[in-house]
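Peer 1: Counting in the UniProt record's numbering, the sequence shown runs from 1 upward without gaps.
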Amino acid sequence: MPDLINTVSQVALSLVTIGKPLQAMVQPVPRPGPEEVLICVEATGLLALDQKLCDFGAFNTASRLPLVLGIDVVGTVVEYGISIAPSDVPFPLIGTRVLFQGNLRRPHAGGLAPAMSSFQAATLITNPFNAALSLFHSSGLGFPFPGTDPTFEYQKAHVVVLGAGTTVGTFIVRLAAIAGIGTIIATSSKASFATLQTLGATHVIDRSSSSIPSDVQTILGSPPLHAVEAYASGHPTLAASLFVSTNVSKTIVMLSSLAGADIDALAERGISLRNILAPSRPILICSDPGPRLFPSGCCLASWRPPPM
């Protein structure tokens, strides 16, 4: 681990121009202030959101350049702000490996098991939480969370996961299988078939197939009611093609921003289009957008004591 306490600058891959490749540039090492800690970053998980920030300037990114991407961060606590006395800090202690996301306030929930690598942990922040929301929250498909509704028959339920080979897609498949959902149809490249079947997919379809809608209906014996798009397409063209016009309500869950025209057009067909734009829930809130350097950069994170 570098001596970040006595280091004033670092080199970080930064977004300088929207739509252009990242550039290595010198960034200052931030100093922790009140209720902040300095994290030595070991790994950063990049999301579809990062691609939108980089390529399309989403969320007015152009006004904040240069910007270091990556909000799912794993690293080690190296320094507290001057207002935090060590005797007043129950967790995380200096030297603690933590994971956090850029908008989190759970300082009691981000420790890592020694056996888990930083690379693995960087995938376990936003992705599994969004997968859970997609399945079990009212903003998603709204299946009852396992154990909360003894009358719900999971075995009779189904879900179609488009783009199941993505990181969040694999979590959706696995959580659906753990819940006991009876039919889990996944689309992916053939290279991901075996993995998805191991995770619990009951059926896998080649994502390049031109017959995905008819294949899904053949598997189910009727048109589907629930689909999750686990990749950021922008428009639910493939998902919408799965459904036929009936009086039964249907739901598409997307993991990207929605256009109002899509919502209105699908509503006329009885399809509810829902969007998952949620943070994860582990440990610290990042109060500075950067800099972060892989594998040994640093960033600031606000510290809040856990509720008594």
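No residue lacks a Cβ here, since even glycine has one placed at the ideal position from N, Cα and C.
In the DSSP output, which residue or residues are listed as bridge partners for Ser-9?
Peer 2: Position 9 of the sequence shown holds residue 9. In DSSP, Ser-9 forms a bridge with Pro-28.
Peer 1: Got a sec, what are the start and stop residues for the alpha helix (DSSP H) Phe-171 sits in?
Peer 2: Taking the first residue of the sequence shown as position 1, residue 171 is located at position 171. It spans 167-179 - the alpha helix (DSSP H) in which Phe-171 sits, taken as one unbroken run.
Peer 1: Arg-64 by DSSP, collapsed to three states: which one?
Peer 2: Your numbering for residue 64 matches position 64 in the sequence shown. Reduced to three states, the DSSP call for Arg-64 is helix.
Peer 1: Got a sec, what are the start and stop residues for the alpha helix (DSSP H) Gln-120 sits in?
Peer 2: To locate residue 120, count along the sequence shown from 1; it is residue 120. Where Gln-120 is concerned, the enclosing alpha helix (DSSP H) stretches over 118-121.
Peer 1: Quick one: what's Leu-273 bridged to in DSSP?
Peer 2: Here residue 273 refers to the residue found at position 273 when the sequence shown is read from its first residue. DSSP, once it has assigned bridges, lists Ile-252 as partnering Leu-273.
Peer 1: Does the beta-carbon distance from Thr-167 to Thr-123 come in below 8 Å?
Peer 2: Here residue 167 is taken as the residue at index 167 of the sequence shown, counted from 1. Here residue 123 is taken as the residue at index 123 of the sequence shown, counted from 1. Closer than 8 Å, so yes.
Peer 1: Using a 10 Å radius around the Cβ and a threshold of 16 neighbouring Cβ atoms, would you call Ser-56 buried or exposed?
Peer 2: Numbered from 1 along the sequence shown, position 56 holds the residue referred to as residue 56. Per the sequence presented here, residue 56 reads as Phe, with Ser not at that position. It is exposed - the Cβ of Phe-56 has fewer than 16 other Cβ atoms within 10 Å.
Peer 1: In the structure shown, what three-state DSSP assignment does Ser-211 receive?
Peer 2: Within the sequence shown, residue 211 is the residue found at index 211, counting from 1. Here Ser-211 sits in coil by DSSP.
Peer 1: Should Ser-280 go down as buried or exposed, given a rule of 16 or more other Cβ atoms within 10 Å for buried?
Peer 2: Within the sequence shown, residue 280 is the residue found at index 280, counting from 1. Confidence at Ser-280 is low in this model, with a pLDDT of 33, below 50, so the placement of that residue is unreliable and no value is reported for it.
Peer 1: What's the C-alpha gap between Thr-187 and Gly-70?
Peer 2: By 1-based counting over the sequence shown, the position of residue 187 is 187. By 1-based counting over the sequence shown, the position of residue 70 is 70. Computed Cα separation, rounded: 27 Å.
Peer 1: Can you name the start and end residues of the beta strand (DSSP E) that Phe-100 belongs to?
Peer 2: In the sequence shown, residue 100 corresponds to position 100, counting from 1. Where Phe-100 is concerned, the enclosing beta strand (DSSP E) stretches over 97-101.
Peer 1: Drop a sphere of 10 angstroms on the beta-carbon of Arg-274, count the other beta-carbons inside from all chains shown, and report buried for 16 or more, exposed for fewer.
Peer 2: If you number the sequence shown from 1, residue 274 lands on position 274. Buried, by the Cβ-count rule.
Peer 1: Using C-beta distances below 8 Å, list every residue in its chain close to Ile-94, excluding the 5 sequence neighbours before and after it, in chain order.
Peer 2: The sequence position of residue 94 within the sequence shown is 94, counting from 1. Cβ neighbours of Ile-94 beyond the five flanking positions: Val-77, Val-78, Glu-79, Tyr-80 and Pro-86.
Peer 1: In the DSSP assignment, find the unbroken alpha helix (DSSP H) run with Thr-237 in it and report its ends.
Peer 2: Within the sequence shown, numbered from 1, the residue matching residue 237 stands at position 237. 237-241 is the span of the alpha helix (DSSP H), which, as asked, contains Thr-237.
Peer 1: Can you tell me whether Leu-220 is helix, strand or coil according to DSSP?
Peer 2: Your numbering for residue 220 matches position 220 in the sequence shown. Helix, per DSSP.
Peer 1: In this structure, does DSSP put Gly-290 in helix, strand or coil?
Peer 2: Along the sequence shown, one-based indexing puts residue 290 at 290. Only weak support exists for where Gly-290 lies, its pLDDT of 37 falling under 50; the coordinates are left without a value.
Peer 1: Skipping 5 residues on each side, what residues in its chain have a beta carbon closer than 6 Å to that of Ile-205?
Peer 2: Counted from its first residue, the sequence shown places residue 205 at position 205. Closer than 6 Å at the Cβ level, and outside the excluded window around Ile-205, lie Thr-187, Ile-212 and Asp-215.
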